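The structure under discussion appears below in the form of structure tokens.
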Amino acid sequence: MPTKRTSRTLTRVRPHKHKWSLKYKQSINCKHPKGFSQRQHCKYGRKTRTRK
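For the sequence shown, position 29 matches number 29 in UniProt numbering, and the numbering has no gaps at all.
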């Protein structure tokens with residue numbers, strides 16, 4: 001596991017466990033999210049792109 005040096009300590013950098021698939025992200029119902037992660041996704045992660 002790679003290490004990362006901070007001011008006084010040596011910490012380990014953990015790789016991401018998994019990513020949500022696009023299909024899973026699109027299946028989340030933001031009117032009734034289930035669990036903390038889905039609530040946060042609906043609150044912050046569901047950005048819409050605007051076309052010029």
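Quick reminder that beta carbons are idealized off the backbone N, C-alpha and C, glycines included.
Please read all numbers here as calculations on a predicted model, not as lab measurements.
query = Helix, strand or coil: how does DSSP classify arginine 14 here?
reply = Within the sequence shown, the letter at position 14 stands for residue 14. Three-state result, arginine 14: coil.
ask   = Relative to the C-alpha of cysteine 30, which residue among His18, Pro15 and Lys43 is closest?
value = Within the sequence shown, numbered from 1, the residue matching residue 30 stands at position 30. Nearest C-alpha to cysteine 30: Lys43.
key: Residues of its chain near proline 33, where Cβ-Cβ distance is below 8 Å and the 5 sequence neighbours each way are ignored   = On the sequence shown, position 33 is the one that residue 33 refers to. Short of 8 Å from the beta carbon of proline 33, and not among the five residues preceding or following it, lie these beta carbons of its own chain, in chain order: Arg39, His41 and Cys42.
Endpoints, the alpha helix (DSSP H) within which lysine 34 is located = Sequence index remark: in the sequence shown, residue 34 carries index 34 (1-based). DSSP places lysine 34 in no alpha helix (DSSP H); its state is neither H nor E.
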